[in-house]
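Asker: Chain order of the listed sequences is A and B.
If you want the numbering used here, it's the position in the first sequence, counting the first as 1, plus 26.
If you want the numbering used here, it's the position in the second sequence, counting the first as 1, plus 26.
Beta carbons are placed, not taken as given, at the ideal position from N, Cα and C, and that holds for glycine.
Could you have a look at this structure, given as structure tokens, before my questions?
There are 2 protein chains.
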Amino acid sequence: MFTIEKKDDKTSARRGILKTAHGDIQTPFFMPIATKGAVKGVTPTELKELGAQIVLGNTYHLLLRPGTELFKQAGGLRGFMKWDKPILTDSGGYQVFSLGKMRKIKPEGVEFRSHLDGQKIMLTPEDSVRAQLAFGSDIIMVLDECAPYPCEYNYAKESIELTTDWARRCKQAVGESKSLLFGIVQGSVYEDLRQKSAQDLVALDFAGYAVGGLAVGEPEEKKLEVLDYTVPLLPEDKPRYLMGEGRPEGILEAVKRGVDMFDCVIPTRNGRHGHLYVGLKLDSFDKIEYKVLRISNEKHREDFTPLDKDCDCYTCQNFTRAYLRHLFVTEDYLGQRLATLHNIRFYMRMMERMREII
Amino acid sequence: MFTIEKKDDKTSARRGILKTAHGDIQTPFFMPIATKGAVKGVTPTELKELGAQIVLGNTYHLLLRPGTELFKQAGGLRGFMKWDKPILTDSGGYQVFSLGKMRKIKPEGVEFRSHLDGQKIMLTPEDSVRAQLAFGSDIIMVLDECAPYPCEYNYAKESIELTTDWARRCKQAVGESKSLLFGIVQGSVYEDLRQKSAQDLVALDFAGYAVGGLAVGEPEEKKLEVLDYTVPLLPEDKPRYLMGEGRPEGILEAVKRGVDMFDCVIPTRNGRHGHLYVGLKLDSFDKIEYKVLRISNEKHREDFTPLDKDCDCYTCQNFTRAYLRHLFVTEDYLGQRLATLHNIRFYMRMMERMREII
Numbered sequence: 027m028f029t030i031e032k033k034d035d036k037t038s039a040r041r042g043i044l045k046t047a048h049g050d051i052q053t054p055f056f057m058p059i060a061t062k063g064a065v066k067g068v069t070p071t072e073l074k075e076l077g078a079q080i081v082l083g084n085t086y087h088l089l090l091r092p093g094t095e096l097f098k099q100a101g102g103l104r105g106f107m108k109w110d111k112p113i114l115t116d117s118g119g120y121q122v123f124s125l126g127k128m129r130k131i132k133p134e135g136v137e138f139r140s141h142l143d144g145q146k147i148m149l150t151p152e153d154s155v156r157a158q159l160a161f162g163s164d165i166i167m168v169l170d171e172c173a174p175y176p177c178e179y180n181y182a183k184e185s186i187e188l189t190t191d192w193a194r195r196c197k198q199a200v201g202e203s204k205s206l207l208f209g210i211v212q213g214s215v216y217e218d219l220r221q222k223s224a225q226d227l228v229a230l231d232f233a234g235y236a237v238g239g240l241a242v243g244e245p246e247e248k249k250l251e252v253l254d255y256t257v258p259l260l261p262e263d264k265p266r267y268l269m270g271e272g273r274p275e276g277i278l279e280a281v282k283r284g285v286d287m288f289d290c291v292i293p294t295r296n297g298r299h300g301h302l303y304v305g306l307k308l309d310s311f312d313k314i315e316y317k318v319l320r321i322s323n324e325k326h327r328e329d330f331t332p333l334d335k336d337c338d339c340y341t342c343q344n345f346t347r348a349y350l351r352h353l354f355v356t357e358d359y360l361g362q363r364l365a366t367l368h369n370i371r372f373y374m375r376m377m378e379r380m381r382e383i384i
Numbered sequence: 027m028f029t030i031e032k033k034d035d036k037t038s039a040r041r042g043i044l045k046t047a048h049g050d051i052q053t054p055f056f057m058p059i060a061t062k063g064a065v066k067g068v069t070p071t072e073l074k075e076l077g078a079q080i081v082l083g084n085t086y087h088l089l090l091r092p093g094t095e096l097f098k099q100a101g102g103l104r105g106f107m108k109w110d111k112p113i114l115t116d117s118g119g120y121q122v123f124s125l126g127k128m129r130k131i132k133p134e135g136v137e138f139r140s141h142l143d144g145q146k147i148m149l150t151p152e153d154s155v156r157a158q159l160a161f162g163s164d165i166i167m168v169l170d171e172c173a174p175y176p177c178e179y180n181y182a183k184e185s186i187e188l189t190t191d192w193a194r195r196c197k198q199a200v201g202e203s204k205s206l207l208f209g210i211v212q213g214s215v216y217e218d219l220r221q222k223s224a225q226d227l228v229a230l231d232f233a234g235y236a237v238g239g240l241a242v243g244e245p246e247e248k249k250l251e252v253l254d255y256t257v258p259l260l261p262e263d264k265p266r267y268l269m270g271e272g273r274p275e276g277i278l279e280a281v282k283r284g285v286d287m288f289d290c291v292i293p294t295r296n297g298r299h300g301h302l303y304v305g306l307k308l309d310s311f312d313k314i315e316y317k318v319l320r321i322s323n324e325k326h327r328e329d330f331t332p333l334d335k336d337c338d339c340y341t342c343q344n345f346t347r348a349y350l351r352h353l354f355v356t357e358d359y360l361g362q363r364l365a366t367l368h369n370i371r372f373y374m375r376m377m378e379r380m381r382e383i384i
């Protein structure tokens, strides 16, 4: 299911292949976010041209609209959005905590009100798995409680017990499905809790393991410290996923520590806001260089050079900074589109570089 | 420059080829609107795939942003937006009347305040031509006064005199350029004024002639009546352009009367609003059938059929009505994009059908 092909000489980085029901994925990799069943503004044809190997769908959003039932007729999420490569879905838990109103965590699951219409919904671990199976996800995440930062020790301790219990129930619910189920290690910034969480999950034997509860506002050093002691707790021969980390330097540090999978809205959301990633320099794991260009800035008004002369995306191959700026200033969504394409390509190129370096 | 290849047996419709500096255009044709230097949300590559032969840019918008100067460095509007086929630009007059504030019509030109920042601007016939030459337009329209409907006889009479005078000045301003300059017949709904306007313009000898001042709110029968007596006043061997008519049945009626060129925001604007043109049936000039589908409607929720089974566009070839509806309901601009592509293709197919019928 997961084969490591090469290990880096100087760091814990590794390169490999993750086999899924709908295709192989070169690791380490980054997943663009198809929040509600589409990477905003981008077609599946374009995603493939950009080198995307897999996209991530959000269970919370898809549960509310269009709802699980529809996916049975639509041929799953892949059939619905016409994406013929692998899909990972999250459990829905993260958005319940960030978007859901009046949420109550109970042993059986999490109760919340939809942010759209206030409808009261109970999401159990079994519900989450059933939804993800209906989506036809290649990689399914267990329902977990993503503790906030900062988080008191006792809260974090109870939280990992709940998360492990839910993980066990998710594993039962998945049954004989070909989908790969991933456990999520929690435990906030407490080493003994991370240890306990990892140990209990590994004993349950998942297809892969995520590090959750990071990239939630903790200081950078803290995050690296947690990664430093958590990643080695995870089985060498299983894929490792750092949820929510999206800054290029954050991804680099995690890859160096042996993480294989990433997702984030950064490239797509920043693209829509006209913040464009250019000038990638990445020759070793010692240093990554790049710039974020604000395309609406007056200084690009008469700049007839490409956005990034080293980029092979459609945007850079065809248009000037002056034209992109004009599209943003005149609020034509072609600008958001071209910016999103470029940013996704930047992330794909960055991951390609990392795989080459290893 | 313009060659008529075939005339319809039963109507005044004709099929031909309009040669421009940047390519030949099969007539009759429809021009998608690239208001501010882009067909909203659509790339030039897609426009070509859809069968667009030419796009229309709005001088008023481009004058204000990014301004004429920039186009000299950008390689004209075609270089700026990377469109290598022909471009027609309007004179700017129409938007001065619809968007500009505090406009004053003077013999030398029209004075107005920008709708963006209130800046006072004087647009003379010479300014309009200079701007359109800076854009590198293949077809340049004279500055005219588009009289509103209803319009008193005396107002309309003075207006055509001004329009003819401005047309004469535009012709002088164009000089030896390879761009084709079109005159615009005005005269509201008064046959003798239309006659006078056409006569005076034809005497000035333009590369083509537009019928202006229609599709401004007059009853349908009135419009056809005006077309009935105005089109025969225009030279047989020059292209004829009905400005602003965009309803399929309106285009059909005009083509039957010998009009060759059309433009309208209808396919693109309606696409963005989720109003989609489907079910084209067009076997003769006697009748055109189609439907406008509101894609957000609940009834499409579980409709897994293509938008239009007879359409060859990317949208119809790949996605279901259920998915398109989902994109509109969740406000992903991929929905607007796919809808716009489809509607443009509908108009292109409709014009292709008309050319085949002739």
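Against chain B, does Met57 of chain A count as a neighbour if the rule is that its beta carbon must be under 8 Å from one of theirs?
Answerer: So, not an interface residue.
Asker: Are there 16 or more other CB atoms within 10 angstroms of the CB of Tyr235 of chain A, so buried, or fewer, so exposed?
Answerer: Buried, since its Cβ has 16 or more Cβ neighbours within 10 Å.
Asker: Let me know the secondary structure DSSP gives Pro332 of chain B once reduced to three states.
Answerer: The answer is strand: DSSP assigns Pro332 of chain B an E or B state.
Asker: So, Leu82 of chain B versus Asp289 of chain B, is the Cβ gap smaller than 8 Å?
Answerer: Closer than 8 Å, so yes.
Asker: When DSSP labels each residue in this structure, what does Gln52 of chain B get in the three-state scheme?
Answerer: Looking at Gln52 of chain B - three-state DSSP - the assignment turns out to be strand.
Asker: What does Tyr349 of chain A touch in chain B if you count any residue whose Cβ is under 7 Å from its own?
Answerer: Ordered by position in chain B, the residues that pass the 7 Å Cβ test against Tyr349 of chain A are Phe106, Met107.
Asker: In or out: Leu219 of chain B buried (at least 16 other Cβ within 10 Å) or exposed?
Answerer: Result: buried.
Asker: With a cut-off of 8 Å on the beta carbons, I'd call Arg347 of chain B and Asp336 of chain B a contact; round off their distance for me.
Answerer: In fact, because the Cβ distance is near 14 Å, the residues do not count as touching under 8 Å.
Asker: Does the beta-carbon distance from Pro58 of chain B to Ile370 of chain B come in below 8 Å?
Answerer: Yes, the Cβ-Cβ distance between Pro58 of chain B and Ile370 of chain B is below 8 Å.
Asker: Given a cut-off of 8 Å, decide if Gly135 of chain B and Phe106 of chain B are closer than it, judged by their beta-carbon atoms.
Answerer: No, the pair does not count as a contact, with Cβ atoms beyond the cut-off.
Asker: Would you mind stating whether Val398 of chain A and Ala224 of chain A have Cβ atoms separated by less than 8 Å?
Answerer: Examination of residue 398 of chain A is not possible in this model, given that chain A is present from 27 through 384 alone.
Asker: Would you call the segment 194-203 of chain B and the segment 152-161 of chain B touching, i.e. three or more CB-CB distances under 8 Å?
Answerer: The segment 194-203 of chain B is in contact with the segment 152-161 of chain B.
Asker: Tell whether a beta-carbon distance below 8 Å holds between Ser38 of chain A and Leu114 of chain A.
Answerer: Cβ atoms of Ser38 of chain A and Leu114 of chain A: not closer than 8 Å.
Asker: Are the C-beta atoms of Asp358 of chain A and some chain B residue less than 8 Å apart?
Answerer: Cβ-Cβ to chain B under 8 Å: yes for Asp358 of chain A.
Asker: Would the segment 355-372 of chain A and the segment 289-304 of chain A be scored as touching if the rule is three or more Cβ pairs under 8 Å?
Answerer: These segments touch.
Asker: Since Glu152 of chain B is in the alpha helix (DSSP H), which residue starts that stretch and which ends it?
Answerer: Start and end: 151-161.
Asker: Kindly give me the distance between the Cβ atoms of Leu206 of chain A and Ile147 of chain A, rounded to whole angstroms, as I take these residues to be in contact under 8 Å.
Answerer: Wrong, their Cβ atoms sit about 26 Å apart, outside the cutoff.
Asker: Closer than 7 Å, Cβ to Cβ, to anything on chain B: give me those residues from the segment 93-105 of chain A, in chain order.
Answerer: Under the 7 Å Cβ criterion, the segment 93-105 of chain A contributes Leu96, Gln99, Ala100.
Asker: Closer than 8 Å, CB to CB, is Leu73 of chain A near chain B or not?
Answerer: Taking Cβ atoms only, chain B never reaches closer than 8 Å to Leu73 of chain A, which makes this a no.
Asker: What separation, rounded to the nearest whole angstrom, lies between the Cα atoms of Asn180 of chain B and Leu230 of chain B?
Answerer: If you take the alpha carbons of Asn180 of chain B and Leu230 of chain B, they lie about 24 Å apart.
Asker: Return helix, strand or coil for Asp263 of chain A, following the three-state DSSP convention.
Answerer: It is coil, neither helix nor strand.
Asker: Starting from the N-terminal side, write out each stretch of the beta strand (DSSP E) that is 3 residues or longer and does not extend beyond the segment 278-339 of chain A.
Answerer: Segments of the beta strand (DSSP E) lying fully in the segment 278-339 of chain A: 287-289, 301-310, 313-320.
Asker: Since Ser186 of chain B sits in a beta bridge, which residues does DSSP pair it with?
Answerer: Strictly speaking, residue 186 of chain B in this sequence is Ile, with Ser absent from that position. Its beta-bridge partners do not exist; DSSP assigns none.
Asker: What are the residues that DSSP puts in a beta bridge with Ala236 of chain B?
Answerer: Note: Ala236 of chain B sits in a beta bridge opposite B:Ile210, B:Tyr267.
Asker: In the DSSP assignment, what are the bridge partners of Leu26 of chain A?
Answerer: Residue 26 of chain A lies beyond the stretch modelled for chain A, which goes from 27 to 384, so this question has no answer here.
Asker: From the beta carbon of Ala64 of chain A, is the nearest beta carbon of chain B less than 8 Å away?
Answerer: Yes, because at least one Cβ of chain B sits closer than 8 Å to the Cβ of Ala64 of chain A.
Asker: Nearest by alpha-carbon distance to Asp254 of chain A: which of A:Lys264, A:Val237, A:Ala60 is it?
Answerer: Among A:Lys264, A:Val237, A:Ala60, the Cα nearest to that of Asp254 of chain A belongs to A:Val237.
Asker: Note down, in chain order, each residue of its chain lying with its Cβ closer than 6 Å to the Cβ of Arg139 of chain A, except the 5 sequence neighbours on either side.
Answerer: Lys127, Met128, Lys146, listed in sequence order.
Asker: Out of B:Phe354, B:Tyr340, B:Arg375, point me to the one whose CA is closest to Thr69 of chain A's CA.
Answerer: Minimum Cα distance to Thr69 of chain A is reached at B:Tyr340.
Asker: Are the CB atoms of Gly209 of chain A and Ile186 of chain A within a distance shorter than 8 Å?
Answerer: Cβ atoms of Ile186 of chain A and Gly209 of chain A: not closer than 8 Å.
Asker: Is Leu142 of chain A helix, strand or coil by DSSP?
Answerer: The answer is coil: DSSP assigns Leu142 of chain A none of H, G, I, E or B.
Asker: Out of B:Lys108, B:Gly119, B:Val228, B:Leu240, which has the shortest C-alpha to C-alpha gap to Pro176 of chain B?
Answerer: Selected option, being the one with the closest Cα: B:Leu240.
Asker: Answer yes or no: does any C-beta atom of chain B fall closer than 8 Å to that of Phe345 of chain A?
Answerer: Phe345 of chain A counts as touching chain B.
Asker: Using a Cβ-Cβ cut-off of less than 9 Å, list which residues of the segment 327-341 of chain B approach chain A; keep chain order.
Answerer: For the segment 327-341 of chain B, which is checked against every Cβ of chain A, the residues closer than 9 Å are Arg327, Glu328, Phe330, Tyr340.
Asker: Give me the chain B residues within the contact set of Gly300 of chain A, using Cβ-Cβ distance strictly less than 9 Å, ordered along the chain.
Answerer: Ordered by position in chain B, no residue passes the 9 Å Cβ test against Gly300 of chain A, which lies about 15 Å from the chain.
Asker: What does the alpha-carbon distance come out to for the pair Asp143 of chain A and Arg91 of chain A?
Answerer: Using only the alpha carbons, I get a separation of about 11 Å.
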